Amino acid sequence: DSGVTQTPKHLITATGQRVTLRCSPRSGDLSVYWYQQSLDQGLQFLIQYYNGEERAKGNILERFSAQQFPDLHSELNLSSLELGDSALYFCASSVNPRTGESDTQYFGPGTRLTVL
Amino acid sequence: GENVEQHPSTLSVQEGDSAVIKCTYSDSASNYFPWYKQELGKRPQLIIDIRSNVGEKKDQRIAVTLNKTAKHFSLHITETQPEDSAVYFCAALRGGGGYNKLIFGAGTRLAVHP
Numbered sequence: 001d002s003g004v005t006q007t008p009k010h011l012i013t014a015t016g017q018r019v020t021l022r023c024s025p026r027s028g029d030l031s032v033y034w035y036q037q038s039l040d041q042g043l044q045f046l047i048q049y050y051n052g053e054e055r056a057k058g059n060i061l062e063r064f065s066a067q068q069f070p071d072l073h074s075e076l077n078l079s080s081l082e083l084g085d086s087a088l089y090f091c092a093s094s095v096n097p098r099t100g101e102s103d104t105q106y107f108g109p110g111t112r113l114t115v116l
Numbered sequence: 001g002e003n004v005e006q007h008p009s010t011l012s013v014q015e016g017d018s019a020v021i022k023c024t025y026s027d028s029a030s031n032y033f034p035w036y037k038q039e040l041g042k043r044p045q046l047i048i049d050i051r052s053n054v055g056e057k058k059d060q061r062i063a064v065t066l067n068k069t070a071k072h073f074s075l076h077i078t079e080t081q082p083e084d085s086a087v088y089f090c091a092a093l094r095g096g097g098g099y100n101k102l103i104f105g106a107g108t109r110l111a112v113h114p
């Protein structure tokens with residue numbers, strides 16, 4: 001168990017709909033990252049937040065948005081869903097001032113999104 | 001732009017043999033190189049990492065080597081076991097100041113046959 005939690009585990013929805021994925025980082029971690037992994041594909045970096053602020057952006061679609069809240073949990077919002085958005089969405093966290101760890105990213109269990 | 005190339009994409013070995021996976025990165029400012037193991041439908045799990053000021057690191061049956069000049073790093077697994085079967089991802093990070101963007105390789109599917 002990495003200490004990173006994600007809800008829900010599974011999500012089935014229809015095209016055109018909007019969903020919200022939630023992530024709670026490891027205790028004390030300030031950074032949250034979102035990744036998309038399509039079937040049998042690699043890990044595509046979407047976006048990073050650090051202590052509530054956006055820090056880095058990958059190939060995130062305009063239909064997708066994210067935020068990090070004051071308690072450091074993060075949400076990834078996916079709207080106008082298309083069949084191709086079906087994937088595993090992982091959250092990871094890092095940067096812990098208490099332990100001094102900064103580089104290692106710990107992954108949550110993922111949310112499997114199926115768009116029908 | 002930033003890029004990490006990983007080879008081979010698939011690797012099949014007999015139990016007890018060694019397995020080697022190689023990665024090349026493009027950003028010379030990268031300073032941290034983790035390796036993740038991902039079993040089917042599960043989260044990527046960190047198995048070993050190396051920093052740019054170190055040339056080699058070992059942890060039991062796994063080792064990682066780094067050649068900064070060639071911008072090349074490799075994962076070595078000795079005495080492979082069936083439970084080593086998984087997809088392995090290398091990554092390179094240019095970190096510091098809260099900007100920690102990991103660039104992943106495309107992955108290597110390792111199959112260890114009994």
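Each protein sequence line maps, in turn, to chains Z and V.
For the first sequence, position 16 (counting from the first letter as 1) is numbered 16 according to this note's numbering, and the numbering increases by one without interruption.
For the second sequence, position 86 (counting from the first letter as 1) is numbered 86 according to this note's numbering, and the numbering increases by one without interruption.
C-beta: ideal position from N, C-alpha, C; glycine also.
Everything numeric in this text was worked out from a predicted model, so none of it was measured.
Query	Result
Within-8 Å CB hit, residue 24 (chain Z) to chain V	no
For residue 84 (chain V), three-class secondary structure by DSSP	helix
Positions along the segment 44-61 of chain V whose CB lies within less than 9 Å of some CB in chain Z	44, 45, 46, 49 and 51
Residue 83 (chain Z), DSSP secondary structure in three states	helix
Collapsed DSSP secondary structure at residue 62 (chain V) in the structure displayed	strand
Cβ-based burial, residue 68 (chain Z) [other Cβ within 10 Å; buried from 16]	buried
Members of the segment 33-54 of chain Z that neighbour chain V once the beta carbon cut-off is set at 7 Å	42, 43, 45, 48 and 50
The segment 37-52 of chain Z / the segment 104-111 of chain V touching (three or more Cβ pairs under 8 Å)	yes
Distance, residue 88 (chain V) Cα to residue 85 (chain Z) Cα	24 Å
Beta strand (DSSP E) segment containing residue 49 (chain V), residue limits	45-51
Neighbour flag for residue 101 (chain V) against chain Z, beta carbons, 8 Å	yes
Identity of the residues DSSP links to residue 109 (chain V) by a beta bridge	V:10 and V:87
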